[in-house]
């Protein structure tokens with residue numbers, strides 16, 4: 018699952034104690050408070066601080082590394098964590114690169130003996146890299162790559178330069194590397210010019226040289242070799258046959274250690290049912306629209322099954338009838354198909370309500386559950402104090418009788434719950450006698466009015482996984498603390514246990530993805546519905562023109578890892594969107610803010626039909642690769658493409674200056690008609706060069722009148738941008754106050770070329786020099802509406818500046 022996040026349950030006193038401890042190691046107050054809100058990270062970080070013996074404080078640089086250890090240390094190598102902490106505290110390991118190398122090394126040896134020499138060599142312990150050493154590496158790389166850098170100028174892939182420098186000096190300070198690279202680029206290329214900002218023109222593909230004429234190295238011919246995980250992100254998961262032993266241990270407060278495992282008999286029965294195939298499930302709650310985080314969950318759940326030739330259920334986790342609607346159920350099934358996934362079966366947790374009830378009765382009989390009468394407030398208080406409920410030890414027969422009365426509707430809502438008898442003294446708050454059943458006199462959208470008691474997620478999820486013979490139960494990291502409860506319950510009921518594996522959830526900058534916040538944005542009309550193109554809902558992304566291919570490519574690039582949930586920059590998603598649309602969206606011309614240009618040396622009313630390219634490398638003699646665009650004596654250009662005062666770095670039109678109208682002719686401004694204020698430009702007059710002898714540097718897009726006095730095709734264009742100004746609005750108290758006032762700009766009277774008249778809803782285009790756009794469902798036969806999907810270039814961070 019993606020959505021069921023855990024809130025911290027620390028008491029006020031605990032929070033103050035943790036805050037003081039975390040501030041001592043140099044965390045800023047915001048990070049410390051965010052950490053305290055996550056019980057798992059709080060527990061890990063506290064343990065790390067005590068292991069490192071820095072409870073009285075340490076340098077901020079050391080504290081940051083300790084925080085990274087707490088959130089990213091490989092769980093299969095915990096035996097070596099104290100050793101690593103000694104290296105950090107003594108500053109033998111002091112950079113992020115060294116720490117990453119340490120994680121990789123320790124993960125590879127797991128529980129084996131640590132060979133100190135090999136470890137220190139792998140982590141660069143004792144290696145000092147001076148500024149001069151880094152300068153030398155930067156110089157060498159720039160000398161090697163100079164011709165390419167000079168050719169590509171500021172379009173040079175700086176990441177590749179960093180990679181080459183890292184090969185030469187793997188332990189160099191990345192901040193110093195960046196400073197030196199930036200300085201060398203400026204020294205070599207000078208200030209950025211307007212040409213540097215122009216999109217590069219793709220060269221025509223040349224015929225490959227014969228092998229005997231030129232030998233091409235593998236490095237030149239092929240992209241860099243991908244890692245095994247990049248080639249197959251599912252390689253990390255074991256086969257179903259390995260589910261004999263479950264990869265967890267449950268620690269009890271009385272010193273007992275429970276090691277859940279599948280007996281040979283249970284596993285063989287399971288494998289007989291599955292035929293040894295991988296079985297996964299995508300289990301969304303039908304209480305809202307799916308967002309891009311669910312796209313990652315689909316990629317993991319459906320993708321693993323597809324990769325292994327197995328099956329994936331679409332299972333609706335419908336245990337809360339009050340929040341669920343058929344609208345959401347229908348949306349989920351439809352959007353799963355849109356994303357390219359085909360469920361093996363569509364099931365509902367409610368399909369198993371009878372089996373779940375019978376297993377709850379069995380759990381009571383075995384002494385592992387009891388009917389409780391505490392209020393939610395009392396349960397919370399008792400959990401904080403680690404106190405047993407007064408009804409915890411009531412007789413089994415009494416709990417059986419009361420649970421039957423709950424089922425028959427004889428007890429008022431809120432007056433009783435069924436709780437699992439786990440371990441109220443555990444260090445894991447998800448073992449504090451979780452609720453298995455509660456009373457709700459609410460009809461269920463799928464099961465009808467048959468039930469008035471409903472199972473909780475913590476009770477139902479693991480049992481239905483078992484009943485459906487799921488081989489891999491995959492969920493996001495906030496569920497890691499629930500793993501003990503998951504296996505505890507299956508163990509006490511002698512049920513088959515799937516392999517559980519948690520991965521980092523997907524969080525993207527400048528948006529919110531909690532269903533509570535999304536629901537508020539929609540219901541309070543801060544946005545225009547669940548499919549508002551500014552939202553990261555899959556419906557919103559689809560309406561914005563984002564393709565499933567781009568979304569899946571983005572998710573695959575992030576990978577399936579246990580690295581804790583860091584924010585992924587929005588421009589990383591936009592990169593994949595551009596990559597996809599650049600290949601699939603045909604080119605056209607639209608002018609958003611038209612400025613009239615009258616060509617005085619072209620006869621009024623005369624119209625030429627010119628060929629414009631649908632694709633950059635299109636051949637004009639191929640009819641399907643071009644579209645017709647009229648050229649007359651009245652054309653319209655972008656108002657921003659004209660200035661009264663010219664400058665060297667300006668490539669637009671100005672008095673006395675020439676530009677090329679794309680696919681048409683050069684024009685030269687001969688006169689400017691100003692308004693009554695003597696400042697606003699009403700009209701520009703120009704002459705065109707039919708011989709095309711003039712070769713101006715500036716190239717403008719344009720739209721012309723197709724006949725004298727008749728306006729061009731008028732369209733509405735909606736320019737969408739980031740919904741929030743801050744990278745992480747979810748952490749702000751007044752998160753609604755952070756909304757970007759310019760996240761939606763509507764231009765009602767843009768001009769388009771006539772060829773767009775027949776565009777259909779969902780058609781995608783690149784408006785030359787403006788960005789990628791899609792036809793919106795609001796379009797009518799009278800007027801087309803276009804949504805901007807993404808700009809041509811990254812504009813990240815420019816909002817509000």
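In this note's numbering, the protein residues as written are 18 to 818.
All C-beta atoms in this analysis are idealised placements derived from N, C-alpha and C, irrespective of residue type, glycine included.
These figures come from a predicted structure and were not determined experimentally.
Non-local beta-carbon contacts of residue 608 in its own chain, meaning distances under 6 Å to residues more than five positions away in sequence, involve 653, 655, 720, 768 in chain order. The Cβ atoms of residue 110 and residue 82 sit closer than 9 Å to each other. Contact check for residue 805 against residue 790 passes: the beta carbons are separated by less than 9 Å. A Cβ-Cβ separation of about 22 Å leaves residue 628 out of contact with residue 600 under the 8 Å criterion.
In terms of Cα proximity to residue 31, the closest of 91, 562, 60, 495 is 60. Its Cα nearest to that of residue 324, the residue 294 stands out among 294, 338, 337.
The bridge partners DSSP lists for residue 647 are 626. Residue pairing by DSSP places residue 733 opposite 802 in a beta bridge. Between residue 481 and residue 369, the C-beta gap is smaller than 9 Å, which places the two residues in contact. Pairing residue 446 with residue 409 gives a Cβ-Cβ distance that is not under 9 Å.
Contact check for residue 519 and residue 573: beta-carbon distance about 19 Å, past the 8 Å limit, so the pair fails to qualify. The Cβ atoms of residue 255 and residue 516 sit closer than 9 Å to each other. Non-local C-beta neighbours of residue 598 in its own chain, meaning closer than 8 Å and more than five positions away in sequence, comprise 562, 564, 567, 781, 783, 789, 806, 807, ordered along the chain.
For residue 783, the enclosing beta strand (DSSP E) covers residues 781-784. Here residue 452 has 434, 436, 473 as same chain residues with Cβ atoms under 6 Å from its own Cβ, once five neighbours each way along the sequence are excluded. The alpha helix (DSSP H) runs lying completely inside the region 362-394 and spanning 4 residues or more are 370-382, given in chain order. Between residue 489 and residue 300, the CB-CB gap reaches or exceeds 9 Å. Exclusion of the five residues before and after residue 735 leaves 550, 761, 762, 763, 764, 793, 802, 803, 804, 805 as the residues of its chain whose Cβ lies within less than 8 Å of its Cβ. Contact check for residue 498 against residue 56 passes: the beta carbons are separated by less than 9 Å.
Around the beta carbon of residue 691, fewer than 16 other beta carbons sit within 10 angstroms, so the residue counts as exposed.
The beta carbon of residue 259 lies closer than 7 Å to none in the same chain, with the five residues before and after it left out. With a beta-carbon spacing of about 5 Å, residue 141 and residue 115 fall inside the 8 Å limit used to define contacts. Residue 518 sits in a strand when the DSSP states are folded into three classes. If you check the CB distance, residue 362 and residue 462 do not come in under 9 Å.
Counting only the Cα atoms, residue 43 lies some 11 Å from residue 71. With a cutoff of 9 Å on beta-carbon distance, residue 513 and residue 283 are scored as near each other. Three or more Cβ pairs closer than 8 Å define a contact, and the region 313-322 falls short of that threshold against the region 267-278.
When the five nearest sequence neighbours on each side are left out, the beta carbons in the same chain lying within less than 8 Å of the beta carbon of residue 483 are those of 507, 512, 513, 514, 515, in order along the chain. Annotation: residue 448 to residue 170 spans about 59 Å, alpha carbon to alpha carbon.
Excluding its 5 nearest sequence neighbours in each direction, residue 415 has C-beta neighbours in its own chain below 8 Å: 388, listed in chain order. Burial check for residue 693: the Cβ neighbour count within 10 Å stays below 16, so the residue is exposed. In terms of Cα proximity to residue 522, the closest of 469, 577, 534 is 577. Taking 9 Å as the cut-off, the Cβ atoms of residue 737 and residue 755 do not count as close.
In this chain, the beta strand (DSSP E) harbouring residue 490 covers 489-493. At least 9 Å separates the beta-carbon of residue 265 from that of residue 84.
Taking the C-beta atoms as reference points, residue 328 is found nearer than 9 Å to residue 296.
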